[in-house]
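J.: Numbering-wise (the numbering used here), the sequence shown opens with residue 1218 and increments by one. The beta carbon of each residue, even a glycine, is placed where N, CA and C say it ideally should be.
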Amino acid sequence: MNLHDAVILVTGGSGLIGKAIVEDIKKRGGTPICADIACETDPDRATIRLDVTNPTSIAEAVYWTTQHHGKIDGLVNSAYPRTPDWGVHFEDIPIASWKANVDMQLNSCFSMCQAVLPHMVQRGKGSIVLLGSIYGVVGNDFSLYADYGGTSPAAYAAIKGGIINFTRYLASYYGEKGVRVNCVSPGGIRDEMNQHPSFIRKYEAKVPLRRLGTPDDIAPAVSFLLSDDARYITGQNLLVDGGWTAI
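1) Would a C-beta distance cut-off of 8 Å place T1273 and T1264 closer than the cut-off?
2) Between which two residues does the alpha helix (DSSP H) containing N1399 stretch?
3) Per DSSP, which residues does S1344 bridge with? Please list them.
4) Just how far apart, CA to CA, sit G1341 and V1396?
5) In chain order, what residues of the same chain lie with their CB nearer than 8 Å to the CB of G1430, ignoring the 5 residues before and after it?
6) As an exercise, report each continuous alpha helix (DSSP H) stretch of at least 4 residues that is fully enclosed by the segment 1307-1363, in chain order.
7) Can at least three beta-carbon pairs, one atom from the segment 1413-1427 and one from the segment 1441-1455, be found at a separation below 8 Å?
8) Alpha carbon to alpha carbon, how far is V1305 from K1316?
9) Would you kindly check if the distance between the Cβ of V1239 and the Cβ of V1439 is under 8 Å?
10) Consult DSSP for T1228 and reduce its assignment to one of helix, strand or coil.
11) According to DSSP, which residues form a beta bridge with R1266?
12) Applying the 10 Å Cβ sphere with the 16-neighbour rule, what's the burial state of Q1322?
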C-alpha cells in the first residue's frame, strides 16, 4: 500500500478515526492534509482549518491544497459534524434537527466531492474514500442501549445509507475519467469516553471477533483503497466490522 508522493485531503483529520487515517497515510509515504474545524492553517504542519458545512471554507481548503501541493490525489471524507441534540430518541427528534444533521453530514460530503473531483478529472486519476457505517447497511440492535436508556441516532442510519449509495453513483459517473470512489464502513469503535460499559460488554459479546474496533483497524483499509493496490476497485463498500454484518 505505497502512497509515496500522494497528496490526500482528509476531512475530520483531528477526529477519533481521522487522526489514525492521517498517521497511516504518513506511514505509507503519503502527504495527508489534515483538514478539520479544530485545526489552524499551517503549511509546515500540512493542516488547514476546514468547516465542511461552509461552501466557502471548502473552496478555500481545496484551493489552498492545490496551491501548496500542486495536486490532490485523494480525498477522505471522515468529518462528523452534528447537532447538540444528536442521539435523542426517534419520537423526540425535532424536524429542524433532522434537517440540520442531514445537511451537515450528507450534504457536506456531496460538497467536498464536487469541489475536489474537477481537479482529479483534469489529471485523469484520483481516489476518494467516504466513511459509511454498519448501520448504513443493516438495522440497529437497540438491545445494546437498553440498560441505560440510550439509542442510536435515526439520522445516522439514513445518512450513512445515503453515503454508501452515493459512493456507487460517483464510481459509476467518474470511472471513465480515471477516478475511483469507494466507501469504508466501520463497525463499533471503542471510545470509552463516550460509551456506556453496558454497551461495550453487549457489543463485544455479540460481534464474532469479540471486541470493538479501534481507529487503527480502520485506517489501513482506507489507505488500501487510496493506493494503487486497489487500482481496479471502485464503487465498493468495505465493511471493517469484526464480522458484525456476517451474523
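T.: On the basis of the data shown:
1) no
2) Run containing N1399: none in the alpha helix (DSSP H); it sits in the beta strand (DSSP E), 1396-1403.
3) G1291, R1397
4) 7 Å
5) P1403, G1404, G1405, I1406, R1407, V1457, D1458, G1459
6) 1312-1318, 1325-1340
7) no
8) 14 Å
9) no
10) strand
11) D1253
12) buried
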